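Chains as they are written, first to last, in the working numbering: chain A, 286 to 498; chain B, 286 to 498.
Written as structure tokens, this is what we have:
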């Protein structure tokens, strides 16, 4: 999926260009950071997203500056990254992190078709919590109007992964310095019911399952 | 710290502009996403960073395209975001996340002065693991030459925070839908010593302390 723009140049062995890897990382993160140019200045805006086939959906208020700009079909780029561990080498120079990241290039277009828009919102909701869409109260016409959904066809993308132990210079292995990984937990925790929950409503199985994973 | 560029327009009550809040969020994340323009196209690149007073340091290989471009003093923007919980409302529309995010605007400049550069690398290392810099083997002249550090003076910044429970439409509270938060863990876990660790080296207290926090 890569061309000159997305090619990983630093530590090329960490670059991946196959759809399976790229889609996997996109599906495994919740927030992307969108880069776009507005009045000649680059912006970086964190936002929720979801992938559907070779498209990425962003959504927000209809009047959102970012979404209005993206709808013009301007060049845009987005990136996601998760950190799985701090990598503490014997030398400061070889300190690193284990991470999975993706950079995507494409152009956005607002979804006007009502059925397509509902589909996109369903994909965004189901990505966060599979099973939620059918359970929750679905959008009414006023909410649909207040929401803009941008679809971005992935034109070009690359992944970059570091997933290994410490790598030190040969002569440093003899130093009296502790080296190793400090893993980072990214797990979901036990759900907390809303204070105003109607009596008799249990935590649904699809939410319990989410946390047990 | 905000002007027209960084002002939070959607849900303005979530915007914060005081240094304490902005610096706190910057200090509490490990990866930022850097937006910059190269050959007319916006790029979004995830990278490690650290804050020092009103500056942000980025570092990497001296030949890194991003760092070489930023050193030209071009406009840039970076954002960070952490997600603390999924917010599951009764309506799909009011689904959200609890998050802390910051958007920073500024311009970069490579640090040439050797003492300043060492200071910046120390700040980056100490941010990840306080106490690590003095323990690890510090950079030698070859490593210093291979490393570029960019300092970005924060010209303009804003934070956006959602840190509350579910908010539903009045008429939805009576629906038979579970609502609540699913918190996300971001904790560091027990360190894993390198396979090639020299015999007799214990996990240092400053690393144990990191995990106990």
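All C-beta atoms in this analysis are idealised placements derived from N, C-alpha and C, irrespective of residue type, glycine included.
These figures come from a predicted structure and were not determined experimentally.
Does any residue of chain B bring its CB to less than 8 Å from the CB of residue i?
{"i": "residue 416 of chain A", "result": "no"}
{"i": "residue 426 of chain A", "result": "no"}
{"i": "residue 377 of chain A", "result": "yes"}
{"i": "residue 342 of chain A", "result": "no"}
{"i": "residue 297 of chain A", "result": "no"}
{"i": "residue 302 of chain A", "result": "no"}
{"i": "residue 385 of chain A", "result": "no"}
{"i": "residue 465 of chain A", "result": "yes"}
{"i": "residue 392 of chain A", "result": "no"}
{"i": "residue 483 of chain A", "result": "yes"}
{"i": "residue 430 of chain A", "result": "no"}
{"i": "residue 479 of chain A", "result": "yes"}
{"i": "residue 461 of chain A", "result": "yes"}
{"i": "residue 490 of chain A", "result": "no"}
{"i": "residue 496 of chain A", "result": "yes"}
{"i": "residue 451 of chain A", "result": "yes"}
{"i": "residue 457 of chain A", "result": "yes"}
Could you tell me whether the Cβ of residue i comes closer than 8 Å to any Cβ of chain A?
{"i": "residue 334 of chain B", "result": "no"}
{"i": "residue 471 of chain B", "result": "yes"}
{"i": "residue 404 of chain B", "result": "no"}
{"i": "residue 355 of chain B", "result": "no"}
{"i": "residue 444 of chain B", "result": "no"}
{"i": "residue 312 of chain B", "result": "no"}
{"i": "residue 447 of chain B", "result": "no"}
{"i": "residue 421 of chain B", "result": "yes"}
{"i": "residue 368 of chain B", "result": "yes"}
{"i": "residue 308 of chain B", "result": "no"}
{"i": "residue 358 of chain B", "result": "no"}
{"i": "residue 346 of chain B", "result": "yes"}
{"i": "residue 412 of chain B", "result": "no"}
{"i": "residue 316 of chain B", "result": "yes"}
{"i": "residue 408 of chain B", "result": "no"}
{"i": "residue 290 of chain B", "result": "yes"}
{"i": "residue 337 of chain B", "result": "no"}
{"i": "residue 319 of chain B", "result": "yes"}
Which residues mark the beginning and the end of the beta strand (DSSP E) in which residue i is found?
{"i": "residue 445 of chain B", "result": "432-447"}
{"i": "residue 384 of chain A", "result": "381-395"}
{"i": "residue 406 of chain A", "result": "That residue, residue 406 of chain A, is in no beta strand (DSSP E); its alpha helix (DSSP H) goes 399-413."}
{"i": "residue 353 of chain B", "result": "It is not in any beta strand (DSSP E) - residue 353 of chain B instead sits in the alpha helix (DSSP H) that spans 350-355."}
{"i": "residue 371 of chain A", "result": "360-373"}
Which residues bound the alpha helix (DSSP H) around residue i?
{"i": "residue 462 of chain B", "result": "Careful: residue 462 of chain B lies outside any alpha helix (DSSP H) and carries neither H nor E."}
{"i": "residue 456 of chain A", "result": "Unbroken run through residue 456 of chain A: none, as it is neither H nor E."}
{"i": "residue 420 of chain A", "result": "417-420"}
{"i": "residue 496 of chain A", "result": "490-497"}
Given a cut-off of 8 Å, decide if residue j and residue i are closer than it, judged by their beta-carbon atoms.
{"i": "residue 330 of chain A", "j": "residue 318 of chain A", "result": "yes"}
{"i": "residue 478 of chain B", "j": "residue 465 of chain A", "result": "yes"}
{"i": "residue 340 of chain B", "j": "residue 361 of chain B", "result": "no"}
{"i": "residue 421 of chain B", "j": "residue 389 of chain A", "result": "no"}
{"i": "residue 359 of chain B", "j": "residue 322 of chain B", "result": "yes"}
{"i": "residue 379 of chain B", "j": "residue 300 of chain B", "result": "no"}
{"i": "residue 414 of chain B", "j": "residue 371 of chain A", "result": "yes"}
{"i": "residue 402 of chain B", "j": "residue 382 of chain B", "result": "no"}
{"i": "residue 350 of chain A", "j": "residue 308 of chain A", "result": "no"}
{"i": "residue 470 of chain A", "j": "residue 425 of chain B", "result": "no"}
{"i": "residue 316 of chain A", "j": "residue 332 of chain A", "result": "yes"}
With a cut-off of 8 Å on the beta carbons, I'd call residue i and residue j a contact; round off their distance for me.
{"i": "residue 352 of chain B", "j": "residue 435 of chain B", "result": "5 Å"}
{"i": "residue 346 of chain A", "j": "residue 433 of chain A", "result": "7 Å"}
{"i": "residue 376 of chain B", "j": "residue 314 of chain B", "result": "Not quite, the Cβ-Cβ distance comes to about 30 Å (not below 8 Å), so this is no contact."}
{"i": "residue 445 of chain B", "j": "residue 386 of chain B", "result": "5 Å"}
{"i": "residue 450 of chain B", "j": "residue 480 of chain A", "result": "7 Å"}
{"i": "residue 328 of chain B", "j": "residue 320 of chain A", "result": "6 Å"}
{"i": "residue 468 of chain B", "j": "residue 474 of chain A", "result": "4 Å"}
{"i": "residue 394 of chain A", "j": "residue 356 of chain A", "result": "7 Å"}
{"i": "residue 384 of chain B", "j": "residue 447 of chain B", "result": "6 Å"}
{"i": "residue 405 of chain B", "j": "residue 342 of chain B", "result": "5 Å"}
Within the 8 Å Cβ cut-off, does residue i reach chain E?
{"i": "residue 322 of chain A", "result": "This model lacks chain E altogether; the protein chains it does include are A and B."}
Quick one: complete beta strand (DSSP E) runs, 3+ long, within the segment 290-343 of chain B?
316-323, 326-337
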